[in-house]
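Peer 1: One structure coming up, written as structure tokens, with questions to follow.
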Amino acid sequence: AQQVENAVATITTAKPAGPNWRDDDKCGSNSELPPGPGVVGCNPDGKNPCCGPSGWCGSSPQHCDCEGCRDSRRSQGGSPEERLAPGYSVTTPKRIALVVPFRDRGAHLERFRERIQSHIESWRSKNIEHEWRVFVVEQFDNQLFNRGYLFNVGFRYATEYEQQSGKKFDCVVMHDIDILPLPVVDYGWCAVPNQLSGEIECWSWSVPYADNVGGV
1 AQQVENAVAT
11 ITTAKPAGPN
21 WRDDDKCGSN
31 SELPPGPGVV
41 GCNPDGKNPC
51 CGPSGWCGSS
61 PQHCDCEGCR
71 DSRRSQGGSP
81 EERLAPGYSV
91 TTPKRIALVV
101 PFRDRGAHLE
111 RFRERIQSHI
121 ESWRSKNIEH
131 EWRVFVVEQF
141 DNQLFNRGYL
151 FNVGFRYATE
161 YEQQSGKKFD
171 CVVMHDIDIL
181 PLPVVDYGWC
191 AVPNQLSGEI
201 ECWSWSVPYA
211 DNVGGV
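Note that full-length UniProt numbering numbers the sequence shown so that position 126 is 126, with each residue one more than the last.
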């Protein structure tokens, strides 16, 4: 992901859940084992035993069978047969909702609109026809910008759209307006809560701190 300017991020504190893994499924060199640094892997007996290049544990081929993947099923004696990857296919069309908080950032909104449209066309060129809805939620008052509340409002609108259309979203993405996706970002991978902006250009393709969960 590319960042227009520094985004406000929410901090969460993860507890160590095992010898070298966390309970929030973050892993790799950009994560820490509270209260100090350590080599963070994935639970070999859990549902997400592989650490992908994105810095998250999972069980898909993008976590277990790629360059840079670390598969704890093999290295720590887990049983691959008991933890097969879920039935995810990158080419399967999905219904995707983007919820974008907004106030007084017209230039960013225009760049975001252009990039998202380009992203959609890029995936269509690969014959992947996702159905997209973008909910831009604007705060009009002069009070402190309440990003979390706007996410909640956007999610409510997405839920109402589901009820009216009879079409349920496969993925709902909470998206800062100043994070711009690269073409490889897969908004349809949402079997578990996942940080899509775990690699940001202005932070040397990392995140500003280990517990960062903001952005996308």
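The beta carbon of each residue, even a glycine, is placed where N, CA and C say it ideally should be.
1) Measure the beta-carbon distance from Glu138 to Phe169 and round it to whole angstroms, keeping in mind my assumption that it falls under 8 Å.
2) Excluding the 5 residues preceding and the 5 following Glu81 in the sequence, name in chain order all residues of the same chain whose CB lies nearer than 7 Å to its CB.
3) Note down, one range per segment and in chain order, each alpha helix (DSSP H) of at least 4 residues found wholly within the segment 124-165.
4) Verify whether the separation of the beta carbon atoms of Phe135 and Gly166 is less than 9 Å.
5) Return the chain-ordered list of same chain residues with a C-beta closer than 6 Å to the C-beta of Thr91, the five sequence neighbours on each side being excluded.
6) For His130, which residues of its own chain have a beta-carbon under 8 Å away from its beta-carbon, when the five flanking residues on both sides are left out?
7) Give me the Cβ distance between Val192 and Val99, rounded to the nearest whole Å; I'm assuming they're in contact under 8 Å.
8) Using a Cβ cut-off of 9 Å (strictly closer), state whether Val99 contacts chain C.
9) Taking the alpha helix (DSSP H) that Pro61 belongs to, which residues open and close that run?
10) Return the bridge partner residues of Trp56 from the DSSP annotation.
11) With a threshold of 16 other CB atoms inside 10 Å of the CB of Arg156, please say whether the residue is buried or exposed.
Peer 2: Judging by the given coordinates:
1) Going by Cβ atoms, the distance from Glu138 to Phe169 rounds to 21 Å, so no, they are not a contact pair.
2) Its pLDDT being 40, under 50, Glu81 is placed unreliably by the model, and nothing is read from it.
3) 147-165
4) no
5) The residues are Ile128.
6) By the criterion of a C-beta distance shorter than 8 Å, His130 is surrounded in its chain by Pro93, Lys94, Arg95, Ile96, Ile120, Trp123, Tyr187, Gly188, once the five residues flanking it on both sides are discounted.
7) Wrong, their Cβ atoms sit about 18 Å apart, outside the cutoff.
8) In the structure shown, chain C does not exist; there is a single protein chain.
9) 61-64
10) Lys26
11) Exposed: under 16 other Cβ atoms inside 10 Å.
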